[in-house]
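These notes are about the structure you will find just below.
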Amino acid sequence: MDLTLLSNLDIVHLIDTGGIIPALFIALLTYFSMRFTRFGFDRLGENYTRYRLNMKQASVLVQFLILLLGSFLCLSQVLMFSQDGFSLLIGLLALGVSWSSKDLVASLMAGITLLLDRPFQVGDRVSFAGHYGEVVEIGLRSVRIVDLDDNLISIPNNQFLQGVVSCANSGNLDQMCVFRFYIGCNQDFQLAETIIEEAVVSSPYVFWQKPVSILMKEGAVPDGAERFAIHLVAKAYVIDGRYESRFSSDVHRRVKQAFRQHKIYTAGELEWVQAGR
2 MDLTLLSNLD
12 IVHLIDTGGI
22 IPALFIALLT
32 YFSMRFTRFG
42 FDRLGENYTR
52 YRLNMKQASV
62 LVQFLILLLG
72 SFLCLSQVLM
82 FSQDGFSLLI
92 GLLALGVSWS
102 SKDLVASLMA
112 GITLLLDRPF
122 QVGDRVSFAG
132 HYGEVVEIGL
142 RSVRIVDLDD
152 NLISIPNNQF
162 LQGVVSCANS
172 GNLDQMCVFR
182 FYIGCNQDFQ
192 LAETIIEEAV
202 VSSPYVFWQK
212 PVSILMKEGA
222 VPDGAERFAI
232 HLVAKAYVID
242 GRYESRFSSD
252 VHRRVKQAFR
262 QHKIYTAGEL
272 EWVQAGR
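This is the structure:
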């Protein structure tokens, strides 16, 4: 960089004071435009549930374009300089940002990478660093996730480029749900399989267009109960990822009631029965 440009750069003459009010107006217009865009696409997604995730993804892209356009218009109203002054200012800004905001710049670049590479999208349900929930926003600095307890979690974008992220639905409304049941080794596992399958397929939240599977094996129960048990796993798809918890609760309630009716004991119940003898 030619240091002689410093003598030609007058900061006062770089700022057009007459453009401050128009710039503020543009900033407010940009803010409300982004809010209106998010609200409008969310309403469309709720009215046309089949395209809900597409609406969320389109909302992110439109808001990003509005932000870029608004930022450019604001700067063009306030700043005015020659070509040499522009080059020097950009160089100074780049140098200052690179030293003082390395993490922020890394998050910004990672945000652009996430938008282009798309390992997950807005509306997907992801698991990352011990957190699980629905992606509600992919910003330039962070990704926001709402977990099953309705907590809003913000994760810097650059962390997604360094860790392993699991996506449950990959842009689809339907999502795989897994239900695990442990019954005693001396229980009627064939009847238990039938009960579990009927509970899943009769649930109002099941997605009929994809198959339901029931798997069985015998082995140790993780984290307690009996030492060994019959492990029954049901795999089915819920019609919408938002109903994941309701689907799980409905299936477990139906299975529990049927197990009690047919006197099929889970591994935990057998442990209590044996302890009471």
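Heads up: the sequence shown begins at 2 in my numbering, then just goes up one per residue.
From the three backbone atoms N, C-alpha and C, an ideal C-beta is built for every residue, glycine too.
These figures come from a predicted structure and were not determined experimentally.
CA nearest to the CA of residue i, picked from the options
i	options	result
leucine 216	Thr114, Ala237 and Phe229	Ala237
serine 155	Gly164, Arg142, Gln163 and Leu149	Arg142
serine 214	Phe129, Cys178 and Arg255	Cys178
phenylalanine 208	Cys186, Asn173, Ala193 and Val234	Asn173
tyrosine 244	Leu76, Gln188, Met110 and Thr50	Thr50
cysteine 75	Val61, Ile21, Gly134 and Gln58	Ile21
histidine 132	Ser167, Glu138, Val123 and Ala111	Ser167
leucine 149	Asn159, Gly134 and Asn158	Gly134
tyrosine 206	Asp224, Leu25, Phe248 and Ile197	Phe248
leucine 45	Lys57, Pro157 and Asp189	Lys57
aspartate 151	Val136, Tyr266 and Ala130	Val136
cysteine 320	Gln163, Glu198, Phe161 and Arg228	The structure shown does not extend to residue 320, since the chain spans only 2 to 278, so no value can be given for it.
arginine 119	Val61, Gly71, Ala235 and Leu70	Val61
valine 165	Ala130, Glu198, Ile184 and Gln191	Ala130
methionine 110	Glu198, Leu70, Gly19 and Gln160	Gln160
Nonlocal neighbours in the same chain, by C-beta distance under 7 Å from residue i, ignoring five residues either side
i	result
leucine 153	Arg145 and Val147
asparagine 170	Asp125, Arg126, Gln176 and Gly242
glutamate 194	Ile215, Met217 and Leu233
Cβ-heavy atom distance, residue i to the ligand FAD, below 8 Å
i	result
asparagine 152	Only the bare structure without any ligand can be found here, which leaves the ligand FAD out of the picture.
Which residues DSSP lists as bridging residue i, in chain order
i	result
cysteine 168	Val127
proline 157	Ser143
Neighbourhood of residue i by C-beta, 6 Å cutoff - its chain only, sequence neighbours within 5 removed
i	result
valine 63	Thr38
glutamate 219	Ile231
arginine 53	Gly46
phenylalanine 180	Ala235 and Val252
Cα-Cα separation between residue i and residue j, rounded to whole angstroms
i	j	result
phenylalanine 121	leucine 115	8 Å
arginine 254	phenylalanine 260	10 Å
glutamine 262	valine 222	24 Å
phenylalanine 40	phenylalanine 182	41 Å
glycine 140	serine 128	18 Å
serine 77	alanine 59	27 Å
glycine 112	phenylalanine 73	19 Å
phenylalanine 26	glutamine 210	51 Å
alanine 268	alanine 230	6 Å
asparagine 158	glutamate 138	11 Å
leucine 66	serine 204	42 Å
glutamine 188	valine 202	23 Å
leucine 30	alanine 200	52 Å
Coil, strand or helix - residue i by DSSP
i	result
histidine 253	helix
valine 343	Beyond the ends of the chain as shown, which are 2 and 278, falls residue 343; an answer cannot be given.
lysine 57	helix
glycine 41	helix
glutamine 188	coil
leucine 265	For the record, residue 265 in the displayed sequence is isoleucine; it is not leucine. In the structure shown, isoleucine 265 sits in coil (DSSP, three-state: anything other than H, G, I, E or B).
glutamine 258	helix
isoleucine 240	coil
phenylalanine 26	helix
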